[in-house]
Amino acid sequence: MNINEEKRHQWQALKGMGFKAHWDYFWDYYKIHVAVGIFAIVMLVMLIHDITGNKPYALDSIFVNANSFMGAEAIEAGFAEYEGIDTNENNVFIDTNTSLSPSGGSMDISMMEKIYAMIAAKELDAFLADTEIFEKYANNEMFLDLREVFTEEELAELGDKVYYLDYAEIERQNELRKQQMENGELYADDGSDEATYEFVRQDPSTMENPIPYGIILENNELLLQNECYTEQTPIAGISASSERKEVSADFIRYLLGK
Numbered sequence: 023m024n025i026n027e028e029k030r031h032q033w034q035a036l037k038g039m040g041f042k043a044h045w046d047y048f049w050d051y052y053k054i055h056v057a058v059g060i061f062a063i064v065m066l067v068m069l070i071h072d073i074t075g076n077k078p079y080a081l082d083s084i085f086v087n088a089n090s091f092m093g094a095e096a097i098e099a100g101f102a103e104y105e106g107i108d109t110n111e112n113n114v115f116i117d118t119n120t121s122l123s124p125s126g127g128s129m130d131i132s133m134m135e136k137i138y139a140m141i142a143a144k145e146l147d148a149f150l151a152d153t154e155i156f157e158k159y160a161n162n163e164m165f166l167d168l169r170e171v172f173t174e175e176e177l178a179e180l181g182d183k184v185y186y187l188d189y190a191e192i193e194r195q196n197e198l199r200k201q202q203m204e205n206g207e208l209y210a211d212d213g214s215d216e217a218t219y220e221f222v223r224q225d226p227s228t229m230e231n232p233i234p235y236g237i238i239l240e241n242n243e244l245l246l247q248n249e250c251y252t253e254q255t256p257i258a259g260i261s262a263s264s265e266r267k268e269v270s271a272d273f274i275r276y277l278l279g280k
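What follows is the structure, encoded as structure tokens:
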């Protein structure tokens, strides 16, 4: 069996095994290509940022699967005024053109590379996505613990709008994944990647180590006014690598009308 036949055989074996299994397979065979691609995109992101008026970014954010044809100019301008940002000196940017599919198909690779490149370059701040995509990234520890930028009183006031994950469960899954990969096994997830996906708000009181990673923006007036997430509920989080964490937190407060 030549290498192409072997890859084809393994790809067939992945059917129905979910996002993580596909990603592990992709990483095993293409990690060098991905590393080179991410490096190139980091360089490109930095170059574009330098070219765009040579103004530093006060906020650089992504709305994944926003399905907005209006763009985000009104939100950008509104937040700049809210935060007191002089747009002659600093940029406020929201990307509403990025889309990802829950299955992590081949068409998503360039988009995923762009996101990881922005994280590596510490350029990604606020991140919004529909619940399914957000949960995938949250389980891969992409987001900041919101207790670093929101007070206990703020989080308590938001109630069930706060999105929690049990970090103890994340650690168990990471350990299982590590063991399976060391044994040469394909990582099989819990099937959350299938069409039967349903978002369930998790009760932090039932968790061993609840971490608030996002804010659920269901029926958010400002987003709906700008035709963002008109058919889906988004969750907002902050990239763990962001160097503008407080501004990102203020951006979420702005979306909440605080």
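In terms of my numbering, the sequence shown opens at residue 23 and continues consecutively.
Note that beta-carbon positions come from the ideal geometry of N, C-alpha and C, so glycine has one too.
Exercise. Flag this pair as touching only if the segment 252-268 and the segment 141-148 have three or more C-beta atom pairs under 8 Å; answer yes or no.
Key: yes
Exercise. Just confirm the distance between the C-beta atoms of Ala96 and Thr118, as a whole number of angstroms; I'd bet it's less than 8 Å.
Key: Within the sequence shown, residue 96 is the residue found at index 74, counting from 1. Within the sequence shown, residue 118 is the residue found at index 96, counting from 1. The Cβ separation is near 11 Å, so there is no contact.
Quiz prompt | CB-CB length for Tyr235 against Leu187, believed under 8 Å | solution = The residue you call residue 235 lines up with position 213 of the sequence shown. The residue you call residue 187 lines up with position 165 of the sequence shown. That pair is a contact at about 6 Å.
Quiz item: Using the C-alpha atoms, what's the distance from Glu154 back to Asn161?
Solution: Numbered from 1 along the sequence shown, position 139 holds the residue referred to as residue 161. Numbered from 1 along the sequence shown, position 132 holds the residue referred to as residue 154. Cα to Cα, the separation comes out at about 11 Å.
Exercise. Decide if the segment 96-114 is in contact with the segment 266-278; the criterion is three or more beta carbon pairs, one per stretch, under 8 Å apart.
Key: yes
Quiz prompt | Expected contact under 8 Å - CB spacing of Lys77 and Glu111 to nearest Å | solution = For the purposes of this step, residue 77 is taken as the residue at position 55 of the sequence shown. For the purposes of this step, residue 111 is taken as the residue at position 89 of the sequence shown. Between Glu111 and Lys77 the Cβ distance is about 6 Å, and since that is below 8 Å, they are a contact.
Quiz item: By a C-beta neighbour count over all protein chains shown, 10 Å radius and 16 as the cutoff for buried, is Gly259 buried or exposed?
Solution: Taking the first residue of the sequence shown as position 1, residue 259 is located at position 237. So Gly259 counts as buried.
Practice problem: Would you list, in sequence order, the uninterrupted alpha helix (DSSP H) runs of no fewer than 4 residues that lie entirely inside the segment 167-230? | Solution: 174-180, 189-204
Exercise. Consult DSSP for Asn161 and reduce its assignment to one of helix, strand or coil.
Key: Numbered from its first residue, the sequence shown carries residue 161 at position 139. Note: Asn161 maps to helix in three-state DSSP.
Quiz item: Residue range of the beta strand (DSSP E) that Gly93 falls in?
Solution: As a first step, residue 93 is located in the sequence shown; it is residue number 71 there, counting from the start. Gly93 -> no beta strand (DSSP E), and no H or E assigned at all.
Self-check item: Through-space distance from Glu204 to Lys267, alpha-carbon basis
Solution: Locating residue 267 in the sequence shown gives position 245, where the first residue counts as 1. Locating residue 204 in the sequence shown gives position 182, where the first residue counts as 1. Looking at the two C-alpha atoms, the distance is approximately 36 Å.
Quiz item: With 16 as the cutoff for other CB atoms within 10 Å, does Lys280 come out buried or exposed?
Solution: To locate residue 280, count along the sequence shown from 1; it is residue 258. Per the 10 Å Cβ criterion, exposed.
Self-check item: Limits of the alpha helix (DSSP H) - the one that Asp272 falls within
Solution: Against the sequence shown, residue 272 aligns to sequence position 250. Unbroken alpha helix (DSSP H) run through Asp272: 267-278.
Quiz item: If you run the structure through DSSP and keep just helix, strand and coil, what is Ile97?
Solution: Taking the sequence shown and counting its residues from 1, the one referred to as residue 97 is at position 75. Helix at Ile97.
Self-check item: Cα-Cα separation, Pro232 to Met92
Solution: Start at 1 with the first residue of the sequence shown, and residue 232 comes out as number 210. Start at 1 with the first residue of the sequence shown, and residue 92 comes out as number 70. Using only the alpha carbons, I get a separation of about 37 Å.
Quiz prompt | Which of helix, strand or coil DSSP assigns to Leu239 | solution = Taking the first residue of the sequence shown as 1, we reach residue 239 at position 217. Three-state result, Leu239: coil.
Quiz prompt | Exposure label - Leu150; buried when at least 16 CB within 10 Å | solution = As a working note, residue 150 is residue 128 in the sequence shown. The residue in question, Leu150, is buried, as its Cβ has 16 or more Cβ neighbours within 10 Å.
Practice problem: Kindly list the residues whose CB is nearer than 6 Å to the CB of Ser270, restricted to its own chain and excluding five residues on each side of it in sequence; keep chain order. | Solution: Numbered from its first residue, the sequence shown carries residue 270 at position 248. The residues are Asp147, Ala148, Ile260, Ser264.
Quiz item: Got a sec? Which residues, its chain only, sit under 6 Å from Asn113 by beta carbon, not counting five neighbours each side?
Solution: To locate residue 113, count along the sequence shown from 1; it is residue 91. Around Asn113: Lys77, Tyr79.
Quiz item: In whole angstroms, what is the alpha-carbon distance linking Met133 and Ile257?
Solution: On the sequence shown, residue 133 is found 111 positions in, with the first residue counted as 1. On the sequence shown, residue 257 is found 235 positions in, with the first residue counted as 1. Going by the C-alpha atoms only, they are around 19 Å apart.
Quiz item: Looking only at C-alpha atoms, which of Glu179, Val184, Lys158, Asn241 sits nearest to Asp167?
Solution: As a first step, residue 167 must be located in the sequence shown, where it is residue number 145. For the residues Glu179, Val184, Lys158, Asn241, the minimum Cα distance to Asp167 belongs to Val184.
Quiz item: Buried or exposed: where does Asp182 fall if 16 or more other Cβ atoms within 10 Å of its Cβ makes it buried?
Solution: For the purposes of this step, residue 182 is taken as the residue at position 160 of the sequence shown. So Asp182 ends up on the exposed side.
Practice problem: Using only alpha-carbon positions, find the residue among Met229, Glu170, Glu230, Tyr251 that is nearest to Lys239. | Solution: Your numbering for residue 239 matches position 217 in the sequence shown. Note on identity: in this sequence residue 239 is Leu, with Lys being the wrong assignment. The candidate whose alpha carbon is nearest that of Leu239 is Tyr251.
Quiz item: So Ala139 is in the alpha helix (DSSP H); what residue range does that whole segment cover?
Solution: Counting from 1 along the sequence shown, the entry for residue 139 is found at position 117. It spans 131-142 - the alpha helix (DSSP H) in which Ala139 sits, taken as one unbroken run.
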